[in-house]
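*Asks:*
In this note's numbering, the protein residues as written are 2 to 96.
#1: Pairing CB atoms from the region 32 to 44 with CB atoms from the region 62 to 77, are three or more of them under 8 Å?
#2: In whole angstroms, what separates the C-alpha of residue 74 from that of residue 88?
#3: Mapping DSSP to helix, strand and coil, what is residue 56?
#4: Under the rule that 16 or more other beta-carbon atoms within 10 Å means buried, what is residue 55, buried or exposed?
#5: Compare the beta carbon distance of residue 46 and residue 11 with 7 Å and say whether it is the shorter of the two.
#6: Answer yes or no: does any C-beta atom of chain B fall closer than 7 Å to that of residue 69?
#7: Decide if residue 93 is buried, meaning its Cβ has at least 16 other Cβ atoms within 10 Å, or exposed.
#8: May I ask you to report which of helix, strand or coil DSSP gives residue 48?
Written out as structure tokens, the structure reads:
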């Protein structure tokens, strides 16, 4: 059976990460209190700390995430088009 994943919005993620960073509470405790997977929260906190070291503000991080998603989609589209061209050429040469 397929696993159902919870989706959290950006504001919720930012708030939870802020709780961990500002209160100094352990990730495990905050995750338990809010019903979030500890590994998920740990990933969010790690990304935030990495981004803050890179000197990116929240708007820049959001833009970076959007651009990375767009690149991923474009690469998938490119790969599909490459495969369709190969199939089209094979079909055209077999006639």
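All residues carry an ideal CB built from backbone N, CA and C; glycine is no exception.
*Replies:* Inspection of the coordinates gives the following:
#1: The answer is no - the region 62 to 77 does not touch the region 32 to 44, with fewer than three Cβ pairs under 8 Å.
#2: The sequence position of residue 74 within the chain shown is 73, counting from 1. The sequence position of residue 88 within the chain shown is 87, counting from 1. Whole-angstrom Cα-Cα distance: 21 Å.
#3: By 1-based counting over the chain shown, the position of residue 56 is 55. In the three-state reduction of the DSSP assignment, residue 56 falls in the coil class.
#4: Position 54 of the chain shown, counted from the start, is the residue given in the question as residue 55. Only exposed fits residue 55, as fewer than 16 other CB atoms lie within 10 angstroms of its CB.
#5: Within the chain shown, numbered from 1, the residue matching residue 46 stands at position 45. Within the chain shown, numbered from 1, the residue matching residue 11 stands at position 10. Taking 7 Å as the cut-off, the Cβ atoms of residue 46 and residue 11 do not count as close.
#6: The chain labelled as chain B is not found in the depicted structure, where only one protein chain is given.
#7: Translated into positions along the chain shown, residue 93 becomes position 92. Per the 10 Å Cβ criterion, exposed.
#8: Residue 48 sits at position 47 when you count from the first residue of the chain shown. Here residue 48 sits in helix by DSSP.
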